[in-house]
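What follows is a short report on a single structure.
2 protein chains.
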Amino acid sequence: MSQIRHALSVKRADDFAQWYQEVISAADMAEESGVRGCMVIKPWGYGIWERIQRLLDNRIKATGHDNAYFPLLIPLRNFEREAEHVEGFAKEMAVVTHHRLIADGKGGLIPDPEAKLEEPLVIRPTSETIIGDAMARWVQSWRDLPLKLNQWANVMRWEMRTRMFLRTSEFLWQEGHTAHETAGEAKEHTLRMLEVYRACAEEDLALPVIAGEKPENERFPGAVETWSIEAMMQDGKALQAGTSHYLGTNFAQASGIRFQDREGGQQLAHTTSWGVSTRMIGGVIMVHGDDDGLKVPPAIAPWQVVIVPMLREDEGDAALVEYCERLRASLASEDALREPVRVLLDTKPGKAAAKRWDWVRKGAPLIVEVGQRDMAEGKVSLLRRDALWAENGKPAFQAPSLDEAAQAIPGMLETIQASMLASARDVRDARISRGVTALPELQAAFADGVDNPGWLEVQWAKPTGQALEQVVDQLKALKLTLRNVPIDAEPADGVCIFTGEAAVERVLVARAY
Amino acid sequence: MSQIRHALSVKRADDFAQWYQEVISAADMAEESGVRGCMVIKPWGYGIWERIQRLLDNRIKATGHDNAYFPLLIPLRNFEREAEHVEGFAKEMAVVTHHRLIADGKGGLIPDPEAKLEEPLVIRPTSETIIGDAMARWVQSWRDLPLKLNQWANVMRWEMRTRMFLRTSEFLWQEGHTAHETAGEAKEHTLRMLEVYRACAEEDLALPVIAGEKPENERFPGAVETWSIEAMMQDGKALQAGTSHYLGTNFAQASGIRFQDREGGQQLAHTTSWGVSTRMIGGVIMVHGDDDGLKVPPAIAPWQVVIVPMLREDEGDAALVEYCERLRASLASEDALREPVRVLLDTKPGKAAAKRWDWVRKGAPLIVEVGQRDMAEGKVSLLRRDALWAENGKPAFQAPSLDEAAQAIPGMLETIQASMLASARDVRDARISRGVTALPELQAAFADGVDNPGWLEVQWAKPTGQALEQVVDQLKALKLTLRNVPIDAEPADGVCIFTGEAAVERVLVARAY
Chain A
8 MSQIRHALSV
18 KRADDFAQWY
28 QEVISAADMA
38 EESGVRGCMV
48 IKPWGYGIWE
58 RIQRLLDNRI
68 KATGHDNAYF
78 PLLIPLRNFE
88 REAEHVEGFA
98 KEMAVVTHHR
108 LIADGKGGLI
118 PDPEAKLEEP
128 LVIRPTSETI
138 IGDAMARWVQ
148 SWRDLPLKLN
158 QWANVMRWEM
168 RTRMFLRTSE
178 FLWQEGHTAH
188 ETAGEAKEHT
198 LRMLEVYRAC
208 AEEDLALPVI
218 AGEKPENERF
228 PGAVETWSIE
238 AMMQDGKALQ
248 AGTSHYLGTN
258 FAQASGIRFQ
268 DREGGQQLAH
278 TTSWGVSTRM
288 IGGVIMVHGD
298 DDGLKVPPAI
308 APWQVVIVPM
318 LREDEGDAAL
328 VEYCERLRAS
338 LASEDALREP
348 VRVLLDTKPG
358 KAAAKRWDWV
368 RKGAPLIVEV
378 GQRDMAEGKV
388 SLLRRDALWA
398 ENGKPAFQAP
408 SLDEAAQAIP
418 GMLETIQASM
428 LASARDVRDA
438 RISRGVTALP
448 ELQAAFADGV
458 DNPGWLEVQW
468 AKPTGQALEQ
478 VVDQLKALKL
488 TLRNVPIDAE
498 PADGVCIFTG
508 EAAVERVLVA
518 RAY
Chain B
8 MSQIRHALSV
18 KRADDFAQWY
28 QEVISAADMA
38 EESGVRGCMV
48 IKPWGYGIWE
58 RIQRLLDNRI
68 KATGHDNAYF
78 PLLIPLRNFE
88 REAEHVEGFA
98 KEMAVVTHHR
108 LIADGKGGLI
118 PDPEAKLEEP
128 LVIRPTSETI
138 IGDAMARWVQ
148 SWRDLPLKLN
158 QWANVMRWEM
168 RTRMFLRTSE
178 FLWQEGHTAH
188 ETAGEAKEHT
198 LRMLEVYRAC
208 AEEDLALPVI
218 AGEKPENERF
228 PGAVETWSIE
238 AMMQDGKALQ
248 AGTSHYLGTN
258 FAQASGIRFQ
268 DREGGQQLAH
278 TTSWGVSTRM
288 IGGVIMVHGD
298 DDGLKVPPAI
308 APWQVVIVPM
318 LREDEGDAAL
328 VEYCERLRAS
338 LASEDALREP
348 VRVLLDTKPG
358 KAAAKRWDWV
368 RKGAPLIVEV
378 GQRDMAEGKV
388 SLLRRDALWA
398 ENGKPAFQAP
408 SLDEAAQAIP
418 GMLETIQASM
428 LASARDVRDA
438 RISRGVTALP
448 ELQAAFADGV
458 DNPGWLEVQW
468 AKPTGQALEQ
478 VVDQLKALKL
488 TLRNVPIDAE
498 PADGVCIFTG
508 EAAVERVLVA
518 RAY
């Protein structure tokens with residue numbers, strides 16, 4: 008066994024960034040593609056994304072949205088008319104200028120100068136403008152509202168510094184876009200979708216999040232309100248895991264989304280947009296991973312149970328595989344009371360112990376090993392990835408009978424899911440401080456050379472404009488950012504930590520990805 | 008009722024191409040986007056694609072493939088090293104040359120000359136080369152084989168003449184890519200995936216298809232063998248609905264996919280690729296549509312049953328909706344013996360008769376109308392989209408009790424699915440001629456001004472090179488193409504219709520999309 012690699016070479020406590028990269032590679036989730044800033048999402052990573060998609064898509068459909076698909080390429084003029092939008096994030100974008108390659112006469116290829124586009128096209132960084140164009144065609148009357156659309160798509164933002172899953176030039180996401188009759192209805196919908204994201208993050212990904220409104224400086228360009236869910240990583244930093252925007256009539260104005268209201272007048276629609284992306288997978292890694300690799304919450308695990316027969320390449324193997332297949336078939340079968348378990352019987356060539364550690368690094372929630380002795384005793388050896396080590400320093404195998412295992416596993420998966428959320432919440436809650444009221448105290452907590460203490464929830468006067476910029480600069484010096492104003496925070500009852508004025512609310516301050 | 012539009016303005020028999028466009032618009036499936044050659048897939052069209060995706064994805068996973076995701080943008084050098092590939096279809100492609108937009112100082116935007124890419128990037132027209140690069144990294148030993156991958160993605164080919172679903176610059180598809188130890192295994196896999204496509208087309212889309220090998224001139228550039236499934240549209244033309252390629256070692260050579268074989272030697276892998284796209288939806292329209300609009304086979308219908316209460320905007324409406332809801336809930340419930348029915352209770356504002364024709368044009372398989380009288384009698388009015396008209400020229404409503412309807416509908420959906428396939432097969436089979444043995448006869452059948460008679464299956468000597476080109480030119484003059492050599496065709500027993508030599512096989516000749 009000493010030959011078999013199990014732990015990672017880097018521990019979280021020693022170099023969190025390096026550990027993150029190593030988990031992705033050790034769990035075989037993704038890799039650099041050779042195309043600048045773009046990654047290849049390998050089957051285990053993509054399988055997790057497929058599960059997130061399925062579960063979130065169900066939630067999005069249950070709130071009355073239809074999926075649709077809009078063009079990848081957006082004409083330049085769409086960005087021109089939305090000046091505020093362009094001045095925001097949207098400058099670094101991939102621009103298509105030609106529609107043909109030709110031989111350069113030296114064995115190479117070049118864009119054909121004869122095939123230059125009259126108007127360059129941009130690969131969508133987000134689809135507000137092109138979906139706005141469609142909405143303007145589709146919405147005539149109040150009867151056409153609300154219009155609730157969602158799109159699953161790839162988008163591209165030319166990022167200078169990339170990091171797999173967290174920030175890549177191309178990424179996969181869903182973007183919801185809705186149009187409503189009134190501001191009130193649109194705002195209500197913005198919050199409903201924020202709640203959908205909270206439920207998906209917590210119930211499906213076992214990521215505890217704090218939902219709240221972003222301060223003015225962190226708003227999506229063109230939005231009237233931006234809301235987010237924020238998750239705490241094990242290094243104490245925040246990850247914005249999803250955003251929901253109330254866009255007012257800004258995009259409706261730019262695209263011309265007008266409707267005849269109930270009184271016969273013409274009105275601009277109130278629109279919303281909201282998105283989550285493959286970035287969430289980075290959150291799963293940094294919240295649930297440990298020094299042995301990834302841990303995938305059962306709800307989003309491509310395989311929830313992996314059965315590894317300890318094959319000896321002899322005549323006993325067939326009976327052993329058959330014994331394992333009984334468990335597999337029993338778990339995979341439909342049942343009136345539960346979904347089929349996603350279970351893999353791993354009979355690929357290779358040593359069972361090596362496979363065990365492969366599946367530990369990938370984070371399969373339950374690993375079942377079965378050797379000849381287990382079979383002789385009618386048992387299996389069962390390992391919970393979230394409770395891997397016994398007190399004696401050995402893997403904490405349980406030894407139920409095959410029938411007991413078949414009975415118990417569906418419930419164990421639910422237990423693991425709940426326990427992963429609960430322990431992530433405990434870890435997070437222990438690192439949110441609410442008692443800091445003075446700026447010097449905040450500065451000391453985040454001084455150079457001090458370990459990141461986590462998040463602070465502080466009272467503030469909600470400054471705007473220049474006053475807000477000053478706060479942002481003060482925080483920037485400490486590598487801190489304003490995250491959000493939690494919906495569930497207590498009302499303010501003190502003074503603003505930044506200005507000394509009477510506070511109006513509480514805001515989260517943290518280092519962030 | 009005379010005010011309510013039901014039929015389309017164009018009949019299939021009068022102008023098939025115009026009818027096709029009108030169905031897409033009347034069924035609210037898609038529309039032009041304003042971006043050259045790109046369409047917006049609207050919810051009803053996208054819902055059909057989602058169903059196709061779900062069903063085909065299950066089939067692809069059941070044959071041992073994992074989904075993964077590869078970059079949208081491909082470096083120019085990938086195309087340069089695959090010269091044969093470039094000389095083929097791959098010249099018209101969208102080329103990204105800049106990564107930033109800046110203000111032009113005149114209120115507009117331009118690609119920033121300072122942000123020109125050192126090497127242009129191409130939006131993938133297909134992913135053989137970039138997936139080949141990944142396979143070269145992932146495959147070291149025979150133990151890593153077979154490697155079976157699939158990707159759901161958007162791709163782009165700069166098409167000059169576009170037609171919604173059939174040929175658009177951007178389209179959605181799945182592309183499978185596999186690597187194998189031996190030619191035999193790779194060829195077998197090529198055919199297995201062809202069979203998966205046949206089963207999906209026939210069982211899920213109710214599209215009868217003929218599976219066979221493409222002649223040399225119709226091969227995918229770089230392929231050793233190309234196989235296709237071909238469907239006959241109602242105008243007698245062929246639509247290639249899916250292709251599966253055995254690529255030999257050509258792409259493995261270009262990408263360097265080498266492995267250590269069982270004897271310790273180095274070998275090139277044998278690869279395959281195969282794809283189907285949103286084009287299949289064009290096939291569904293042209294096979295199943297009629298002069299009243301689209302007909303969607305139940306297996307891929309976003310809503311299989313639509314219940315329309317005849318609301319009168321009075322106090323009786325609540326009870327009527329409740330009555331309808333009983334049927335909806337009963338159909339939507341899970342059952343040990345069947346999947347839940349996808350059923351919509353359509354309570355949107357609007358007249359019931361107008362809604363009926365909306366759903367007829369969209370092709371919902373079953374439409375259930377319920378008025379106060381139906382409710383008083385404990386009944387519903389049930390309309391099968393595939394048997395819309397009674398002999399008296401009126402809609403062929405059935406009037407089962409609510410409970411009978413709940414009982415019967417799951418079975419009716421199966422009946423409709425089977426019946427749509429059977430009647431499409433009858434229509435097609437009646438238009439495939441096998442008796443034409445002389446070229447003048449073929450020329451007469453497809454002479455100018457003669458209605459397209461359908462397909463001919465003719466015997467030929469399978470010419471190659473220049474001789475094949477001559478055949479292709481002869482056919483081109485008649486607007487005909489070689490489709491495929493059907494797997495199930497009878498052996499040849501005559502002479503080649505083109506050359507007079509002894510025939511070696513039978514080939515399908517047809518006009519095509």
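Chains A and B, in that order, are what the protein sequence lines are.
For the first sequence, this note's numbering assigns the number 8 to the initial residue and increments by one for each residue that follows.
For the second sequence, this note's numbering assigns the number 8 to the initial residue and increments by one for each residue that follows.
We put the CB at the ideal spot given by N, CA and C, even for glycine.
In this text, all values refer to a predicted model and were calculated from it rather than measured experimentally.
- Pairwise C-beta distances place the region 139–147 of chain A out of contact with the region 138–145 of chain B, as fewer than three of them are shorter than 8 Å.
- If one requires a minimum length of 3 residues, the beta strand (DSSP E) runs lying completely within the region 453–511 of chain B are 462–467, in chain order.
- Residue range 216–220 is occupied by the beta strand (DSSP E) that includes residue 219(B).
- With its beta carbon less than 8 Å from one in chain A, residue 118(B) belongs to the interface.
- With a cutoff of 8 Å on beta-carbon distance, residue 316(A) and residue 514(A) are scored as not near each other.
- The Cβ atoms of residue 373(A) and residue 416(A) lie closer than 8 Å to each other.
- DSSP, reduced to helix, strand and coil, places residue 448(A) within a helical segment of the structure shown.
- Between the alpha carbons of residue 263(B) and residue 195(B) lies a distance of about 22 Å.
- Note on residue 391(B): 16 or more other CB atoms within 10 angstroms of its CB, so buried under the neighbour-count rule.
- Under the three-state reduction of DSSP output, residue 106(A) falls in the coil class, being neither helix nor strand.
- Interface annotation, residue 107(B): in contact with chain A, CB-CB separation under 8 Å.
- Counting along the chain, residue 196(B) sits inside the alpha helix (DSSP H) bounded by residues 190–206.
- Considering only beta carbons, the part of the region 59–89 of chain A lying closer than 8 Å to chain B consists of 73, 74, 75, 76, 77, 78, 79, 80, 81, 82, 83, 86 and 87, in chain order.
- At a cut-off of 8 Å between beta carbons, residue 140(B) contacts chain A.
- Boundaries of the beta strand (DSSP E) around residue 180(B): 177–187.
- Between residue 44(A) and residue 169(A), the gap from beta carbon to beta carbon is short of 8 Å.
- Between the alpha carbons of residue 229(B) and residue 220(B) lies a gap of roughly 15 Å.
- Counting along the chain, residue 157(A) sits inside the beta strand (DSSP E) bounded by residues 154–163.
- Rounded to the nearest whole angstrom, the CA to CA distance from residue 347(A) to residue 341(A) is 5 Å.
- Taken atom to atom, the span from the alpha-carbon of residue 103(A) to that of residue 47(B) is near 19 Å.
- By the neighbour-count criterion, in which 16 or more other beta carbons inside 10 Å mark a residue as buried, residue 52(B) falls on the buried side.
- In this chain, the alpha helix (DSSP H) harbouring residue 23(A) covers 23–33.
- Only residues of its own chain outside the window of five on either side were considered, and among them 103, 104, 105 and 106 have a CB closer than 8 Å to the CB of residue 124(B), listed in chain order.
- Within chain A, not a single residue places a beta-carbon under 7 Å from that of residue 189(B); the smallest gap is close to 17 Å.
- Taking 8 Å as the cut-off between beta carbons, the residues of the region 156–186 of chain A near chain B are 156, 160, 161, 163, 165, 177 and 179, in sequence order.
- The region 363–380 of chain A makes contact with the region 318–334 of chain A, as at least three CB pairs between them are under 8 Å.
- Comparing C-alpha distances from residue 454(B) to each of 432(B), 34(B) and 487(B) shows the shortest one belongs to 487(B).
- Residues of chain A whose Cβ lies closer than 9 Å to the Cβ of residue 150(B) are, in chain order, 355, 356 and 357.
- Closer than 8 Å to the CB of residue 132(B) there is not a single CB belonging to chain A.
- About 4 Å separates the beta carbon of residue 232(A) from that of residue 253(A), a gap short enough to meet the 8 Å contact definition.
- Non-local beta-carbon contacts of residue 280(B) in its own chain, meaning distances under 7 Å to residues more than five positions away in sequence, involve 135, 182, 183, 184, 252 and 254 in chain order.
- Pairing residue 396(B) with residue 363(B), the inter-Cα distance amounts to about 13 Å.
- CA-to-CA, the gap between residue 235(A) and residue 337(A) works out to about 41 Å.
- Proximity of residue 262(B) to chain A, defined by a Cβ-Cβ separation below 8 Å, is not satisfied.
- Under the three-state reduction of DSSP, residue 122(A) is assigned to helix.
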